[in-house]
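Peer 1: Going from the sequence shown to the numbering used here is simple: count from 1 and add 70.
For every residue, glycine included, the Cβ atom is placed at its ideal position computed from N, Cα and C.
What you are looking at is a predicted structure, and each value in this text was computed from that prediction instead of being measured.
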Amino acid sequence: MKQIMKKLFPHTLWNRDTTSLLGCAASKFIVFDIIWCLQTTFTSFSLPEVYVNSLLAALLFILPFMLTGKKWLEYLVLFFLDGLLISNLMYCRT
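#1: Identify whether Leu-126 lies in helix, strand or coil by the three-state DSSP scheme.
#2: Ignore the nearest five residues each way along the sequence and tell me which others in Ser-124's own chain have a CB closer than 7 Å to its CB.
#3: Are the beta-carbon atoms of Leu-151 and Phe-135 separated by less than 8 Å?
#4: Measure from the alpha carbon of Ala-127 to the alpha carbon of each residue in Phe-102, Gln-109 and Thr-111, then state which is nearest.
#5: In terms of residues, what are the limits of the alpha helix (DSSP H) holding Met-136?
#6: Is DSSP giving Leu-108 helix, strand or coil here?
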């Protein structure tokens, strides 16, 4: 199991680009939650699940960069993620 994890996630994978893209994706989810809570109370931010789910979703959305190493693909994924989050705020509110 340890060899599989080393092969999938080598130490060279967590460089400056990967961590900055992870921070960008995580901040997208946190900003979405802030905008979502503007009309209500901010009690959801007192729960650790908000931050854990944001980090897990951010890890899920940077997988294209982690697997391919192409920045343009990750920028495209983050652009579509922005569109989905904005359309959720505008139309669905669910």
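Peer 2: If we stick to the structure as given:
#1: Locating residue 126 in the sequence shown gives position 56, where the first residue counts as 1. The answer is helix: DSSP assigns Leu-126 an H, G or I state.
#2: Taking the first residue of the sequence shown as 1, we reach residue 124 at position 54. Taken in chain order, the residues that qualify are Ala-96, Phe-99 and Ile-100.
#3: The residue labelled residue 151 in the question sits at position 81 within the sequence shown. The residue labelled residue 135 in the question sits at position 65 within the sequence shown. Cβ distance not < 8 Å, so Leu-151 and Phe-135 don't count as in contact.
#4: By one-based count along the sequence shown, residue 127 stands at place 57. Nearest C-alpha to Ala-127: Phe-102.
#5: Counting from 1 along the sequence shown, the entry for residue 136 is found at position 66. Unbroken alpha helix (DSSP H) run through Met-136: 133-138.
#6: For the purposes of this step, residue 108 is taken as the residue at position 38 of the sequence shown. Helix.
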